[in-house]
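Read in my numbering, the sequence shown has 224 at position 229, and its numbers run on one by one without any break.
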Amino acid sequence: MATMTQDKALAALRTVDDPDLKKDLVTLGMIKDLKVDGDAVSVRVVLTTPACPLKDKIKADVVAALEGAGASSVDVTMDAEVRKAPPRGPAGQNGAAARAPRMPGVKSIIAVVSGKGGVGKSTVATNLAVSLTRHGATVGLLDADIYGPSLPTMLGLLNRRPGLNSDEKIAPIDRYGLKVMSMGFMLKDDQAVVWRGPMLGKALQQFIEDVEWGELDYVVIDMPPGTGDVQLSLAQLLPVTGAVVVTTPQDVAFADVRRSINQLEITKTPVLGLVENMSHFVCGNCDTPHMIFGESRVQGHATKLSLEVLASIPLDSVTAVAADHGEPIVVASPDSATSKQYLELAGRVAQKAAIEQHKKDSQAGGFAGFFAGKPKA
Ligand SMILES: Nc1ncnc2c1ncn2[C@@H]1O[C@H](COP(=O)(O)OP(=O)(O)O)[C@@H](O)[C@H]1O
Ligand SMILES: [Mg+2]
-4 MATMTQDKAL AALRTVDDPD LKKDLVTLGM IKDLKVDGDA VSVRVVLTTP
46 ACPLKDKIKA DVVAALEGAG ASSVDVTMDA EVRKAPPRGP AGQNGAAARA
96 PRMPGVKSII AVVSGKGGVG KSTVATNLAV SLTRHGATVG LLDADIYGPS
146 LPTMLGLLNR RPGLNSDEKI APIDRYGLKV MSMGFMLKDD QAVVWRGPML
196 GKALQQFIED VEWGELDYVV IDMPPGTGDV QLSLAQLLPV TGAVVVTTPQ
246 DVAFADVRRS INQLEITKTP VLGLVENMSH FVCGNCDTPH MIFGESRVQG
296 HATKLSLEVL ASIPLDSVTA VAADHGEPIV VASPDSATSK QYLELAGRVA
346 QKAAIEQHKK DSQAGGFAGF FAGKPKA
């Protein structure tokens, strides 16, 4: 006699929480295709990101809960669907008025920012974007550094020109599994951009509205340094899910980072965390990390600001050389320790972004609507 029922299975699943979102999987709408056949249970769990680092834990918890409730066998399929930002209402970021979403098919937008140039924003943005695809996500990469676009070089796309599609929209260039757009694609080699503030905002708006981004889980935005017009425009134009702030250990005063964080607060952009780049040097001969800039103070600063250090990426000649040859390190040397760190970083960023999205969803009135259908109970 079978003892398992749909109700029992659902009750068991209600005891399993998503550790990040701190609610149970049934309430979160993550349980799909629940089937009970005798005492055998099969279920599909739809997480909020394919890059979820807790995937294995959640799966194990589901199996344990169902077995604990009497299932003789449990078949769990782990699936993911990045939740979409609610359309921006009158109470949206910056109090912007309600209007149609500008990247309608894009679910989550991640800005990579820093207080100053040369700290590795573009390096982190490209490697993060490619790493998100390795987790199974669909990803776009927008170079918003209008004056100093470096993605064409870093991705080996110099002198490439994007085409126009039939709707007169600009088609982003496909590279390493990413959809890429950069001001660099619009300029000749030595041409300098001489636009001022309002035109910068316009250029960014074009990259957002006139480019056919299509359906994507994430768009990573490589921001220009500092706290200027582009940063403000971005927050007005898009519901940015969160920002990753890149810093180096040399930034002793941390003043630039604070300025960036202040601006993010003013524009109501959540900070997902810090990435410490060029944090130390790992010697190829002795394999020992050398703290060439002395002990890092980044962690100390982060703690004071209640922020997390999401990764500490070493100074690494492969990173620089590969980038000069148009390949992010995660492409040039996917098995390197640095590439593994980027893969982990992508997981943590996705996790943090899902938490921010969840907060927004809750404020916008619950999860209904973000997941079609109820659990089949
Ligand atoms: N971890 C790293 N190790 C070695 N070189 C790096 C590292 N991160 C960045 N670089 C190099 O430093 C330079 C500046 O990096 P970039 O990403 O362009 O900074 P930003 O976008 O902040 O101006 C580039 O030449 C890049 O290849
Ligand atoms: Mg850059």
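By construction, the Cβ of each residue, glycine as well, lies at the ideal position given by its N, Cα and C atoms.
Limits of the unbroken alpha helix (DSSP H) element including glycine 342: 332 to 358
Residues bridged to glutamate 271 (per DSSP): Thr242, Ser307
Where the beta strand (DSSP E) containing serine 177 begins and where it ends: 173 to 177
Burial state of glutamine 336, where buried means 16 or more other Cβ atoms lie within 10 Å: buried
Limits of the beta strand (DSSP E) - the one that arginine 129 falls within: No beta strand (DSSP E) contains arginine 129, which is instead part of the alpha helix (DSSP H) from 116 to 129.
Own chain residues within Cβ distance below 7 Å of alanine 318, not counting five before or after: Thr118, Met149
Spatial distance of alanine 59 from glycine 65 (CA atoms): 10 Å
Residue list, Cβ distance to ligand 2 heavy atoms smaller than 7 Å: Gly112, Lys116, Ser117, Asp140, Gly143, Ser145, Asp217
Exposed unless 16 or more other CB atoms sit within 10 angstroms - verdict on valine 316: exposed
For glutamine 352 and serine 103, believed in contact at Cβ under 8 Å, the rounded distance: 6 Å
Three-state class that DSSP yields for arginine 253 in the structure shown: helix
Distance CB(serine 331)-CB(valine 313) smaller than 8 Å: yes
Buried/exposed call for glutamine 226, threshold 16 Cβ in 10 Å: buried
Same chain only: Cβ atoms within 8 Å of glycine 151, ignoring 5 sequence neighbours per side: Arg170, His320, Gly321, Glu322
Close-in-space but distant-in-sequence residues of the same chain around alanine 86 (CB under 7 Å, 5 per side omitted): In this prediction, alanine 86 scores a pLDDT of 41, lower than 50, which makes its location untrustworthy; no coordinate-derived value is stated.
Proximity below 8 Å, CB of leucine 173 to CB of isoleucine 203: no
Range of the contiguous alpha helix (DSSP H) that encloses aspartate 2: 1 to 8
Proximity below 8 Å, CB of serine 109 to CB of proline 220: yes
N-terminal and C-terminal residue of the alpha helix (DSSP H) that leucine 16 is part of: Neither: leucine 16 is in no alpha helix (DSSP H) and is coded neither H nor E.
Residue burial classification, leucine 127 (beta-carbon count within 10 angstroms, cutoff 16): buried
DSSP three-state assignment for lysine 164, whether helix, strand or coil: coil
Unbroken alpha helix (DSSP H) run spanning glycine 63, endpoints: 50 to 63
Cβ-based neighbour list, glycine 179, same chain, cut-off 6 Å, excluding 5 preceding and 5 following: Pro144, Pro147
Identity of the residues DSSP links to valine 38 by a beta bridge: Val71
Cα-Cα separation between methionine -1 and alanine 230, rounded to whole angstroms: 50 Å
Segment limits, alpha helix (DSSP H) that includes leucine 229: 224 to 232
Any non-hydrogen atom of ligand 1 closer than 7 Å to alanine 238 Cβ: no
Neighbourhood of isoleucine 216 by C-beta distance below 6 Å, restricted to the same chain and skipping five residues each side: Ala106, Leu137, Ala139
Aspartate 205, DSSP secondary structure in three states: coil
Spatial distance of lysine 17 from threonine 43 (CA atoms): 13 Å
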